[in-house]
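Peer 1: Please read through the structure below; I'll follow up with questions.
Protein chains in written order, with the numbering used here: chain F, 1 to 538; chain S, 539 to 998.
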């Protein structure tokens, strides 16, 4: 019994029992465990796990094996790894996990270009099955028919989604798939004796930077098409660039602006007329599944990011998975092995003499291939189209809500719809208040969310890129728009609140200039102790 | 085809017809077709995709996947001696618990403020690996060990400005294939076959280096055959005398007992972290690392992200950020070093958890157990008539070579072993039909190894 009751206070009323409605915006605070580094948690003599020791008869039979090695090859000083009990290790990492805002926990529409859709939990259960997790890649094909069938079927599904003739599932991620396409392009022209002549790859400034970077890494000269006044890749620049030196066009559509380039067939035709190949970066395919395909637009190669469009989790930045689709003409150059089916048995085919070889050990990021297969099977043709249409609807709905916010604008092609994402600009808000886009993003973190600006260079000033995908409800989108509206209001009325954000995060503003100087950057504890703490022998 | 159900797909809340209509109305249209107005009719797919009927119910999907996987076997239910770049080590339950946390599994590219945990866990991974490798700089993981080797060699090329690369160890053929294609625009790879005893041919290396055009000597520790080459330190001297860098691909799981490459002169160490607590997943679990000392000239050549520790505005608070971001293709597109993108971050976090659990003692013990099991397996198999273990006197780690001297090829022996419920060794077709690579780890028991030897005795 409470003190108030004992003292004969009035009986509580219904009003006393009533919880007031939630405020419009949630009063979020990120977890803040103020956790030490794992090295600081070490107590000598403790351990997190036991390792099987050799049984006595083994030890007796072989003795000290390492003794046969010269001193220089035997470890002298043990590695200075921390020593912790098992629960202490677990607790440390669980605390760190709580200090991380996974897509499962927030309305993750702010990581534009990355297609942060829901990764169904049931698909995770498949990859934890020992028949997937504990399978060795060199097992006899007869023991892994199911895994091979999943890979074979997934190739078939992606062939239909892209319209291409063959698909490799080996690339590790999106940029790995871009690299693989470039490697195939190089092999194709080498086989035709045109490798030296065709030394140039053309891409566009609103295509992912890896298109330019992979081409350069492969030895190509890179020409980047700037946007024209409406934001489309400049077709006149393409006309000027395409010629006998052109190996390929690597291009996204819709580009990272969310604008679909309606002249894409003409782009492809110009490059084909110059004797080059065309590779479609389909990182932004989520809005066009079942609507339009690489095949119809005339592309010779394309790639998908299975961790984007096909729902596999982003895992803090991988493991991801990529898929490269090609026409029959390019198929001989696909990575080896391929998965083949003779009507009875599935097998891996390594005998591919013109292949660019392996782009990764074994066959690809198999767990994500299983997840992507399961995701497509849970949706089917209608579901994929529904996903695309709702992703586009969500994007245009969010666009209409964001347009209401003072200080934001939508550069380029004003009269045209956007597909699955929008690159916005806070240029006006910045001019009015001095607040930068990055700072708005940091303040948005105080409300339990995140947004990303854009790739560099910032062709769009003070950029923000939102991609709502099909996963979010109308209420989710309304909440996200309300957060940005509130931060914009603060920028105009109380800009210091935004400039000094975050206020409700795990940590406060970091001293980032030390990261740019070789005298002070500290990539590891070992380096930090030597360089910053001045410890000898660290 | 059945009609669209009147309710939303569980993954697509706004596919509920009423919601969809209301949202269309809110943006002033009545059809999503308006959003696709820019796609020319000639590019539209005027038919539904031809895909199998969907399995909308979770129960139906589970049943379908079970039907596909039914009958499949794995190293969990079958005694296996497969390694060759993908290793059956025990994955601690705590590693699985951490990497399967939603917060880590579904995160992507947040800032250090909303994703502080991921930055700290990744920085700790870099730091734990650095202790293991006796290095001061370790990167955010790349796709796999093949990619790590390709990048290590290109880094050496950029630092030295030289063209040729010497591959001096027994190297996995697919790794050699990948690396050769990867470096092709800048470098040519000269493969120097190891001697009959499996060790690098130092005389041949010396002769090649004399030309003065070698950017890197590239060795494996252990070699693809599992051999720990006593000449590894000598190669460092030869490389450095000739102005080349020394790049060593190593299995980090060995480093509780074997010296880290930096200690015998490696300028860049690289390799795969799959052995450190990542499930094999039919070859899907590979992830790569690169390590150097904190030399500005080398750090400047890393293409990947490198997280750094910094103070914040609050005393005693650790912050994190990107070190020297202007190196990367994220900052400079084609003017950056190679490229950076989504790779294998979560495997790095998991490997960090693994090293934190194992500690210095666990890493030493696992190394000792694997060395002992490997030596025991070599000895037992060498006793089997018709089985020869080449390089018998050398030290092997996990993998070791086997030659079948009878009439059966390695393929035929493996088929016979499979009939006895055993996955035999990896084939080495490039070394002929009678060669294989067997592998044992700490997960094997004496009885497992004895069973293999006894079974082989029964296979004529």
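Using N, Cα and C, we set each Cβ at its ideal position, and we do this for glycine too.
1. Please say whether residue 915 (chain S) and residue 987 (chain S) have beta carbons closer to each other than 8 Å?
2. Looking at the unbroken alpha helix (DSSP H) that takes in residue 660 (chain S), where does it start and where does it end?
3. How long is the line joining the alpha carbons of residue 379 (chain F) and residue 239 (chain F), rounded to whole angstroms?
4. Taking 7 Å as the cut-off, is the CB of residue 700 (chain S) close to at least one heavy atom of the ligand MG?
5. Can you pull the DSSP bridge partners for residue 726 (chain S)?
6. Answer yes or no: does any C-beta atom of chain S fall closer than 8 Å to that of residue 1 (chain F)?
7. Check whether the Cβ of residue 297 (chain F) lies closer than 8 Å to any Cβ atom in chain S.
8. Do you know offhand how far residue 114 (chain F)'s Cα is from residue 721 (chain S)'s?
9. Considering only C-alpha positions, which residue in the set F:460, F:316, F:476, F:516 is nearest to residue 229 (chain F)?
10. Closer than 9 Å by beta-carbon distance: list the chain S residues that pair up with residue 400 (chain F), in chain order.
11. Closer than 6 Å by C-beta to residue 1018 (chain S): which residues in its own chain qualify, once you throw out the five before and the five after it? Chain order, please.
12. When the Cα atoms are used, what is the spatial distance from residue 929 (chain S) to residue 917 (chain S)?
13. What's the call for residue 519 (chain F), buried or exposed, on a 16-neighbour Cβ count within 10 Å?
14. Helix, strand or coil, according to DSSP, for residue 397 (chain F) in the structure here?
15. Output the boundary residues of the alpha helix (DSSP H) element that contains residue 181 (chain F).
16. The alpha helix (DSSP H) with residue 1004 (chain S) in it runs from where to where?
17. Is there at least one Cβ from chain S nearer than 8 Å to residue 313 (chain F)'s Cβ?
18. List, in order along the chain, the chain F residues whose C-beta lies closer than 8 Å to that of residue 869 (chain S)?
19. If contact is defined by three or more beta carbon pairs under 8 Å, each pair taking one atom from either stretch, is the stretch 392-400 of chain F in contact with the stretch 559-578 of chain S?
20. Residues of chain S with CB closer than 7 Å to the CB of residue 191 (chain F), please, in chain order.
21. Check residue 50 (chain F) in the structure and name its three-state DSSP category.
22. Among residues of its own chain, excluding the 5 on either side of residue 818 (chain S), which ones have a beta-carbon nearer than 8 Å to its beta-carbon?
23. Could you tell me which chain S residues have their CB closer than 7 Å to the CB of residue 366 (chain F), listed as they occur along the chain?
24. May I ask you to list the residues that DSSP assigns as paired with residue 465 (chain F)?
25. Starting from residue 146 (chain F), follow the alpha helix (DSSP H) in both directions and report where the run begins and ends.
26. Can you tell me which of the three DSSP states residue 997 (chain S) falls into?
27. Have a look at F:22, F:337, F:11, F:297 and flag the residue whose alpha-carbon is nearest the alpha-carbon of residue 327 (chain F).
28. Grab the span of the beta strand (DSSP E) containing residue 28 (chain F) for me, first residue to last.
29. Kindly list, in the order they appear in chain F, the residues whose Cβ is closer than 8 Å to that of residue 958 (chain S).
30. Decide if residue 665 (chain S) is buried, meaning its Cβ has at least 16 other Cβ atoms within 10 Å, or exposed.
31. Given that a residue counts as buried once 16 or more other Cβ atoms are within 10 Å of its Cβ, and exposed if not, what is residue 77 (chain F)?
32. Give me the chain F residues within the contact set of residue 682 (chain S), using Cβ-Cβ distance strictly less than 7 Å, ordered along the chain.
33. What are the boundary residues of the alpha helix (DSSP H) that includes residue 314 (chain F)?
34. Report the option in S:747, S:759, S:794, S:804 whose CA atom is closest to the CA atom of residue 779 (chain S).
35. Quick check: what's the CA-CA separation for residue 276 (chain F) versus residue 796 (chain S)?
36. From S:549, S:933, S:834, S:713, pick the residue whose C-alpha is nearest to that of residue 760 (chain S); which is it?
Peer 2: Quick answer:
1. yes
2. 654-671
3. 41 Å
4. Summarising the ligand content, the structure contains no ligands, and the ligand MG is consequently not present.
5. S:702
6. Bear in mind that the predicted position of residue 1 (chain F) carries a pLDDT of just 48, short of 50, making it unreliable; the figure below should be weighed with that in mind. For residue 1 (chain F), the answer is no, since every Cβ of chain S falls outside 8 Å of its Cβ.
7. yes
8. 29 Å
9. F:460
10. 564, 565, 566
11. Look at the range of chain S in this structure, 539 to 998, and you will see that residue 1018 (chain S) is not part of it.
12. 12 Å
13. exposed
14. helix
15. 174-191
16. Residue 1004 (chain S) falls outside the range modelled here, since chain S spans only 539 to 998, and no answer is possible.
17. yes
18. 456
19. yes
20. Neighbours of residue 191 (chain F) on chain S: none; closest Cβ ~14 Å, over 7 Å.
21. coil
22. 613, 624, 625, 626, 812
23. 819, 820, 821, 822
24. F:423, F:452
25. 145-162
26. coil
27. F:297
28. Where residue 28 (chain F) is concerned, there is no enclosing beta strand (DSSP E), given that its DSSP letter is neither H nor E.
29. By Cβ distance, chain F contributes nothing, its closest Cβ being about 13 Å from residue 958 (chain S), past 8 Å.
30. buried
31. exposed
32. 172, 360, 361
33. Per DSSP, residue 314 (chain F) belongs to no alpha helix (DSSP H) and is neither H nor E.
34. S:747
35. 51 Å
36. S:933
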